[in-house]
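The working numbering numbers the first residue of the sequence shown as 48 and each following residue consecutively.
Note that CB positions come from ideal geometry on N, CA and C, so glycine has one too.
Single-structure report; data block below.
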Amino acid sequence: MKKTVIIILAILVVGGGFAYFLFFSKGDEKNRADAPVELYTYALEDYFVTNVKNSNMLFKTTVVLVSDNAKLQEFLTAKQYVIRDAILFRLRELTEEDIMSSDIQDKLRVEIPQIINKALNIDSIVSVYFSDFVMQ
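The following block contains the structure:
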């Protein structure tokens, strides 16, 4: 009889420990997943000026990259020529209608990180900011 009680108590203790681990470890994972991701900015050295496609107009913008990797600064500095080329290649395709559309900045905010990540074979550029966005 004593042996049965001890076995039952041991099972309850192990089961309780398992249940505690199961419920509380999921809460920690959820809290880690809900924690804000720290983002870092990298300002490109100069602004971009390019011809507007099928137009006599010029387009000027300044781009700041947003990354989720703090250690990327030196790499981005070394690869700035690749970054600038990739961005210019996309900007040269813009028409007057594109630039004047209300959602062009949002579209470019999605497209430019994809273009840069592909060109550099990384996945750390998550967005961009524009501090100038002028057509003249």
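Problem set entry | Ser171, buried or exposed, once every other Cβ within 10 Å from all chains shown has been counted against 16 | Its Cβ being crowded by 16 or more others within 10 Å, Ser171 is buried.
Problem set entry | Buried/exposed call for Phe136, threshold 16 Cβ in 10 Å | A residue is called buried when at least 16 other Cβ atoms come within 10 angstroms of its Cβ; Phe136 does not meet this threshold and is exposed.
Exercise. Under 8 Å between the Cβ atoms of Thr124 and Phe180?
Worked result: no
Exercise. Can you find at least 3 beta carbon pairs, one from the stretch 85–99 and one from the stretch 154–163, that sit closer than 8 Å?
Worked result: The count of Cβ pairs closer than 8 Å, one atom from the stretch 85–99 and one from the stretch 154–163, stays below three, leaving the stretches out of contact.
Problem set entry | Selection from Asp132, Gln152, Ala117, Tyr94 that minimises the alpha carbon distance to Lys165 | Asp132
Problem set entry | Where Val84 sits in the DSSP three-state scheme | Looking at Val84 - three-state DSSP - the assignment turns out to be coil, as it is neither helix nor strand.
For this session: Please say whether Leu138 and Phe177 have beta carbons closer to each other than 8 Å?
Result: no
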